[in-house]
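What follows is one structure encoded as structure tokens, with my remarks underneath.
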Amino acid sequence: MKVLVTGGAGFIGSNFVHLTLRSRPEAAVTVLDSLTYAGNAASLPDDERVQLVKADIVDADTVDALVADADVVVHFAAESHNDNSLDDPTPFLHTNVIGTFTLLEACRHHGTRLHHVSTDEVYGDLELDDPDRFSPTTPYNPSSPYSATKASSDLLVRAWVRSFGVEATLSNCSNNYGPRQHVEKFIPRQITNILDGQRPKLYGAGLNVRDWIHVDDHNAAVWAVIDGGRPGQTYLIGADGELDNRTVMAAIVREMGLEPDAFDHVEDRPGHDLRYAIDASRTREELGWSPRFNDFAAGLRDTIAWYRDNEWWWRPAKAATELRYERIGR
Ligand code: NAD
Ligand code: TDX
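Using the working numbering, you'd call the opening residue of the sequence shown number 1 and step up by one each time.
This is the structure:
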């Protein structure tokens, strides 16, 4: 089975490639990735079953040739960071919207099976006490340029399924954590700040709730959708892992041996979504998937250990990331 993974040098995509090599002996993987600041060839396994093609997802000729040669395409490539999208939305339109369009056209021409990886942020946010969680019928209501472009890409996929019969599935997942996540994101930023002797940074009061899932659980669900998902269908992926940012910060600080108040409150993110929460019952019931990493404290401990042991991986990105945060005052 030839699997084309777009964005496979990023956080979730590279973990998907590792999982695929471990669990699918018949699979050969081609990664299409332009290696932006968020992509890292060193995240990929050194294995003859993996080939990296450095190309932009909007490069229609390259995308067409790679799709022609694939049995299935898994589309992770995206600009993925909300703070960056507030600073400059341009690359988000380019990659998330035009990139997804380019890939859809290639899948249409070659009749290739596509799985599109998306986010729960397309649904906007919830009140802290809202009894309902996001479900496949929740109306789209994105808040940031990032989530608006991901919502756009989802709608393009749905339209290409309906109008052109493209055989595509979609999944919308909650916040991932685990190894190889860029140091701009919440959990790795705090861990690497502490390893660097710098204070961690909490946005606003830290009351915002995220629904954490281990990256391997997300990727196992992606494989479950590829294997058993119905074309045109959307599957929500989450592990019932709601925690507010203060609680996650407290767990990191405690686990790394610091005093409970050893972090700074910094200016809040504009338009900051308050709460995400996923109802994954369709995915669980229809596909028989369930998360295996049900102990967040243990998963966090392993993630901290990974960053301690792999400074070579994150060090090159750290200074530039913090400079960018300094410029936007967070
Ligand atoms: P990431 O930023 O770590 O990785 C993105 C990858 O895409 C990088 O390797 C980058 O080089 C590549 N890329 C970016 N622009 C490209 C372009 N124009 N052409 C080719 N490659 C390009 O992101 P991630 O956190 O791994 O997220 C992967 C996907 O999962 C995204 O679609 C994101 O929206 C979605 N998602 C992420 C989360 C999360 O918690 N991180 C949750 C749900 C969904
Ligand atoms: O230093 C920080 N301090 C802080 O309090 C950072 C970087 C973030 N935060 C807060 C903001 C959010 O409430 O932590 C929470 C998580 O922030 P991010 O890691 O930036 O993630 P989020 O904005 O929730 O989006 C993530 O989940 C959905 C991914 O980045 C997206 O790609 C995915 O679609």
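Virtual Cβ for every residue (Gly too), placed ideally from N, Cα, C. A quick note: this is a predicted structure, and the numbers were derived from the prediction, not measured.
Using a Cβ-Cβ distance under 8 angstroms, would residue i count as near chain B?
i, result
"P139", "Considering every chain present, this structure includes no chain B. It has just one protein chain."
For residue i, count neighbouring C-beta atoms within 10 Å of its own C-beta (all shown protein chains included) and say buried if the count is 16 or more, exposed if not.
i, result
"N310", "exposed"
"N141", "exposed"
"T90", "exposed"
"G204", "exposed"
"F92", "buried"
"A319", "exposed"
"P188", "buried"
"W312", "exposed"
"V16", "Correcting the residue identity first, residue 16 is Phe in this sequence and not Val. F16 comes out buried."
"A41", "exposed"
"L103", "buried"
"P179", "buried"
"S23", "exposed"
Could you name the residues of the same chain whose beta carbon sits closer than 7 angstroms to that of residue i, not counting the 5 residues immediately before and after it, in chain order?
i, result
"G228", "L287"
"V122", "Y140, P142, S147, K150, A151, D154 and N172"
"Q233", "T169"
"H18", "P45"
"D130", "none"
"V58", "H94, I98, G99 and T102"
Can residue i and residue j be called in contact, C-beta distance under 8 angstroms?
i, j, result
"D216", "G241", "no"
"S80", "D120", "no"
"L156", "F101", "yes"
"G10", "A38", "yes"
"A262", "R133", "no"
"V225", "T321", "no"
"N245", "F296", "no"
"L52", "V31", "yes"
"T192", "Y307", "yes"
"T6", "A70", "no"
"T95", "A78", "yes"
"A220", "W289", "yes"
Just confirm the distance between the C-beta atoms of residue i and residue j, as a whole number of angstroms; I'd bet it's less than 8 angstroms.
i, j, result
"V253", "K201", "Going by Cβ atoms, the distance from V253 to K201 rounds to 12 angstroms, so no, they are not a contact pair."
"I304", "E255", "6 angstroms"
"V222", "V117", "7 angstroms"
"R346", "V166", "Residue 346 falls outside the range modelled here, since the chain spans only 1 to 330, and no answer is possible."
"R199", "D264", "5 angstroms"
"R282", "L236", "7 angstroms"
Less than 6 angstroms between C-beta atoms, sequence neighbours within five positions excluded: which residues of the same chain meet that for residue i?
i, result
"D56", "S34"
"G299", "H214 and F293"
"H110", "V67 and A68"
"V3", "A27, V29 and V72"
"D279", "R133 and S135"
"W314", "V183 and T192"
"K54", "L35"
Could you pull out every residue in the same chain whose Cβ sits closer than 8 angstroms to the Cβ of residue i, ignoring the five residues on either side in sequence?
i, result
"R269", "N82, D83, L86, Y203, G204 and R330"
"R49", "L21, A27, A28 and V29"
"L128", "L207, V209, L274 and R275"
"R162", "G232"
"G271", "L86, S143 and S144"
"A60", "T102, E105 and A106"
Under the criterion of a Cβ to heavy atom distance below 7 angstroms, does residue i qualify as lining ligand 3?
i, result
"G204", "Ligand 3 is not among the ligands present in this structure, which contains only ligand 1 and ligand 2."
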